């Protein structure tokens, strides 16, 4: 769609400059088909975290995926992380500060315990010692191939891809636990909340919890109103 949008601008300009006789896009309308983006549920993520792998290769792949699930950082940005990107703030919290390769936007992510444990695991690891990276480096192609093996061992039926970790962060880890979408958008490095909404899915249990809170508020208001009327 982006390619067509840009081509259309050039073709329209050519028509206005009379370089071409007619605009081939004049009766054409762009149509966007929404797709369902997969993510891991809380139970699936927990099973993945707790799985013990005999293979060190699959163990590393699982760690990289889980790290992305708890930070929202994309594959390409994780591969470029070094110890320089690990920042200790005044309040004692550990953060990752980096720039998204895709948009050049600065991203600052407070590290949850699950993500920080993975960093500590590879702190003195021979692999990261050689590469100078914060986490093990592996090609995206191999990573996605190995993720299929990981899914089979864990019993996850979904087609596991590394980008699914980013969706999981947006949906299962943050939004479903009450983190505002504005905050999630900032953590993901998006310039527009509309972009974040592509990743975001409000789960049924979140809707149920929110409605229960609303129900309690309305009940308390009714009780207060009844008490005032009796008085």
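Residue numbers (our numbering): 24 to 254. Virtual Cβ for every residue (Gly too), placed ideally from N, Cα, C. Computed from a predicted structure; not experimentally measured.
So, residue i versus residue j, is the Cβ gap smaller than 8 angstroms?
{"i": "residue 152", "j": "residue 94", "result": "no"}
{"i": "residue 129", "j": "residue 100", "result": "no"}
{"i": "residue 183", "j": "residue 171", "result": "yes"}
{"i": "residue 71", "j": "residue 84", "result": "no"}
{"i": "residue 109", "j": "residue 157", "result": "yes"}
{"i": "residue 46", "j": "residue 34", "result": "yes"}
{"i": "residue 103", "j": "residue 124", "result": "yes"}
Measuring alpha carbon to alpha carbon, tell me which of the options ends up nearest residue i.
{"i": "residue 80", "options": "155, 105 and 167", "result": "167"}
{"i": "residue 132", "options": "125, 143, 147 and 111", "result": "111"}
{"i": "residue 142", "options": "237, 174, 42 and 117", "result": "117"}
{"i": "residue 49", "options": "55, 56 and 36", "result": "36"}
{"i": "residue 24", "options": "221, 54, 68 and 161", "result": "54"}
{"i": "residue 221", "options": "56, 103 and 236", "result": "56"}
Between the alpha carbons of residue i and residue j, how many angstroms are there, rounded?
{"i": "residue 179", "j": "residue 87", "result": "17 angstroms"}
{"i": "residue 107", "j": "residue 145", "result": "15 angstroms"}
{"i": "residue 249", "j": "residue 195", "result": "40 angstroms"}
{"i": "residue 126", "j": "residue 252", "result": "59 angstroms"}
{"i": "residue 204", "j": "residue 38", "result": "42 angstroms"}
{"i": "residue 96", "j": "residue 214", "result": "15 angstroms"}
{"i": "residue 134", "j": "residue 32", "result": "43 angstroms"}
{"i": "residue 174", "j": "residue 28", "result": "37 angstroms"}
{"i": "residue 177", "j": "residue 74", "result": "7 angstroms"}
{"i": "residue 160", "j": "residue 154", "result": "8 angstroms"}
{"i": "residue 233", "j": "residue 148", "result": "44 angstroms"}
{"i": "residue 163", "j": "residue 169", "result": "10 angstroms"}
Flag residue i as yes if its beta-carbon sits less than 8 angstroms from any beta-carbon of chain D, otherwise no.
{"i": "residue 72", "result": "Of the chains in the structure shown, none is chain D; there is only one protein chain."}
* **Residue ranges of each alpha helix (DSSP H) within the region 74 to 155, 4 or longer** => 79 to 92, 98 to 102, 136 to 144 and 149 to 154
* So, do the region 51 to 69 and the region 186 to 194 have three or more beta carbon pairs nearer to each other than 8 angstroms? -> yes
* **Three or more C-beta pairs below 8 angstroms linking the region 232 to 245 and the region 202 to 209** => no
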